[in-house]
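Engineer:
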Amino acid sequence: MTGRLGADGPIRRSRGVSITLNYVLVLGISSVLVTGLIVAGGTFVEDQRDDVAEGEANVIGTHIAGNIEQVDRYVEAGNGTETAYVNQTFQPDVSGAPYRVTLVEPDASTELARLRIDVQGSSASVEINVSVRTPVIESQADGGAIAVIYDDDEGGIRITNA
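In this note's numbering, each number is its position in the sequence shown, counted from 1, plus 45.
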């Protein structure tokens, strides 16, 4: 016999197996917990990056919308204005990612032009309404130097890279 006699029969000594089993269980549980923390932390950082990108895109979009409205005021104030423009340089990326600005023509439901900023490689996207009397031409520009241009020959306001 390998152990003492108990009420139900011989008692086996298996302490060596218990220590090894406990060690493996502790390592397994610790690995699962650490992996969970890393995944949760990564998601948190990604969400924060998207929030920062959205905030930066909103600031840039507000400036460009102001430039569009300024060009509209130039056109409205000048009788027979043939050309008006505003150039402004912005940072070429937001949160380390390039972005694209799109001027969207008004649709029947809103009657307002919209400025959409999409950050590439991110879920961050911002739309800003632009109130203008002059027609707008759907156009796009990448981050950096952006020009808002009115050309009488084209019949509206558009954006482009300067």
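Ideal placement from N, C-alpha and C gives every residue a C-beta, glycine not left out.
All of these numbers come straight from a predicted model, not from anything done at the bench.
Grab the span of the beta strand (DSSP E) containing D163 for me, first residue to last.
Structural biologist: In the sequence shown, residue 163 corresponds to position 118, counting from 1. It spans A158 to V164 - the beta strand (DSSP E) in which D163 sits, taken as one unbroken run.
Engineer: Would you kindly work out how many angstroms separate the C-alpha atoms of Y144 and G125, rounded to a whole number?
Structural biologist: Here residue 144 is taken as the residue at index 99 of the sequence shown, counted from 1. Here residue 125 is taken as the residue at index 80 of the sequence shown, counted from 1. Looking at the two C-alpha atoms, the distance is approximately 35 Å.
Engineer: Which class does G201 belong to by DSSP, given the choice of helix, strand or coil?
Structural biologist: Taking the sequence shown and counting its residues from 1, the one referred to as residue 201 is at position 156. If DSSP states are grouped into helix, strand and coil, G201 belongs with the strands.
Engineer: In three-state terms, what does DSSP make of S75?
Structural biologist: Looking up residue 75 in the sequence shown gives position 30. The answer is helix: DSSP assigns S75 an H, G or I state.
Engineer: Per DSSP, S168 forms a beta bridge with which residues?
Structural biologist: For the purposes of this step, residue 168 is taken as the residue at position 123 of the sequence shown. In the DSSP output, where bridge partners are listed per residue, S168 has none listed.
Engineer: Taking just the CA atoms, how far does A169 sit from G100?
Structural biologist: As a first step, residue 100 must be located in the sequence shown, where it is residue number 55. As a first step, residue 169 must be located in the sequence shown, where it is residue number 124. The alpha-carbon atoms of G100 and A169 are separated by roughly 9 Å.
Engineer: Quick check: what's the CA-CA separation for G86 versus D196?
Structural biologist: Within the sequence shown, the letter at position 41 stands for residue 86. Within the sequence shown, the letter at position 151 stands for residue 196. For G86 and D196, the distance between alpha carbons rounds to 50 Å.
Engineer: Does DSSP put I182 in a helix, a strand or coil?
Structural biologist: Stepping through the sequence shown from its first residue, residue 182 is reached at position 137. DSSP places I182 in coil when its eight states are reduced to three.
Engineer: Residues in its own chain within less than 6 Å of T179 by CB, not counting five upstream and five downstream?
Structural biologist: As a working mapping, residue 179 is identified with position 134 in the sequence shown. Answer for T179: D117, V120 and I202, listed in chain order.
Engineer: What is the residue span of the beta strand (DSSP E) that Q133 lies within?
Structural biologist: Here residue 133 is taken as the residue at index 88 of the sequence shown, counted from 1. Q133 -> beta strand (DSSP E) spans T128 to T134.
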